[in-house]
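Trainee:
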Amino acid sequence: MTDTSTPPSAESSAEAVEPTGTDESTGTPAEAKKSESVASDGDLFRQSEIAADYVEGLLDILDYDGDIDELVSAGRPMVEVVGGRLQPLVGQRGATLEALQELTRLAIFRATGSPSRLLLDIGGYRAARRKELAAVARNAVEKVKEHGDPVRLEAMSAFERKCVHDVVNAITGVQSESEGVEPNRRIVVRVAD
Numbered sequence: 700m701t702d703t704s705t706p707p708s709a710e711s712s713a714e715a716v717e718p719t720g721t722d723e724s725t726g727t728p729a730e731a732k733k734s735e736s737v738a739s740d741g742d743l744f745r746q747s748e749i750a751a752d753y754v755e756g757l758l759d760i761l762d763y764d765g766d767i768d769e770l771v772s773a774g775r776p777m778v779e780v781v782g783g784r785l786q787p788l789v790g791q792r793g794a795t796l797e798a799l800q801e802l803t804r805l806a807i808f809r810a811t812g813s814p815s816r817l818l819l820d821i822g823g824y825r826a827a828r829r830k831e832l833a834a835v836a837r838n839a840v841e842k843v844k845e846h847g848d849p850v851r852l853e854a855m856s857a858f859e860r861k862c863v864h865d866v867v868n869a870i871t872g873v874q875s876e877s878e879g880v881e882p883n884r885r886i887v888v889r890v891a892d
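Residues are numbered in our numbering as their position in the sequence shown, beginning at 1, plus a constant of 699.
1) Can at least three beta-carbon pairs, one atom from the stretch 826-833 and one from the stretch 810-818, be found at a separation below 8 Å?
2) Just tell me which of D742, D892, I886 has its CA closest to the CA of S813.
3) Hey, could you find the ends of the alpha helix (DSSP H) P787 is sitting in?
4) Should L832 and E801 be called a contact, given that it needs their Cβ atoms to be closer than 8 Å?
5) Should P776 go down as buried or exposed, given a rule of 16 or more other Cβ atoms within 10 Å for buried?
6) Which parts of the stretch 844-878 are runs of the alpha helix (DSSP H), unbroken and 4 residues or longer, counting only runs that do not cross its ends?
7) Could you pull out every residue in the same chain whose Cβ sits closer than 7 Å to the Cβ of V789, ignoring the five residues on either side in sequence?
8) Quick check for students: name the residue ranges of the alpha helix (DSSP H) that lie wholly in the stretch 756-824, counting only runs of 4 or more.
9) Helix, strand or coil for R885? Go by DSSP, reduced to three states.
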């Protein structure tokens with residue numbers, strides 16, 4: 700199925716974004732998330748194919764070798780790149796990976812006219828980081844339960860905050876919320892109201 704509708708203008712898009720906020724898991728406007736939720740698995744797989752082609756082109760330009768897997772998981776398109784010598788594409792604390800993910804999302808938008816919630820992973824970084832963040836979240840919860848004082852975590856990307864929120868929200872008696880402005884947005888864990 701091809702979407703023949705025209706994307707909203709930048710002006711109307713900016714107006715729609717402000718009242719609805721931002722999706723913590725992707726850093727994309729919540730308005731875009733709503734429109735994406737109606738995408739079929741076929742549309743999502745098409746997005747992952749476009750992303751895989753784009754990433755493959757980048758790897759060729761940069762002369763990096765890697766196997767690319769495209770899939771749809773939990774209602775979002777995903778591309779995973781595996782292979783040796785990929786750490787420079789991840790960067791310090793995933794900064795380069797986040798930038799590549801945004802470029803890849805733009806490539807999908809250019810090809811489809813629709814925003815994407817694509818998740819890009821390189822060298823298993825996101826899976827490993829998810830485990831580290833789960834430990835950070837559990838540690839913060841223990842401190843909150845022991846002392847009763849809120850715990851402020853270091854600034855994190857939207858992906859990292861989503862991982863922490865998921866762990867904290869699964870534990871009774873505590874809650875988490877984000878505060879601050881990008882790039883210094885952080886999570887505060889506290890006793891539930």
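Built from N, CA and C at the ideal position, the CB exists for glycine as well. Since the structure is predicted, the reported quantities are computational estimates derived from the model, not experimental observations.
Mentor: Working from what's here:
1) no
2) D742
3) 786-789
4) no
5) buried
6) 857-868
7) T795, L796, I821, G822, Y824
8) 786-789, 794-811
9) strand
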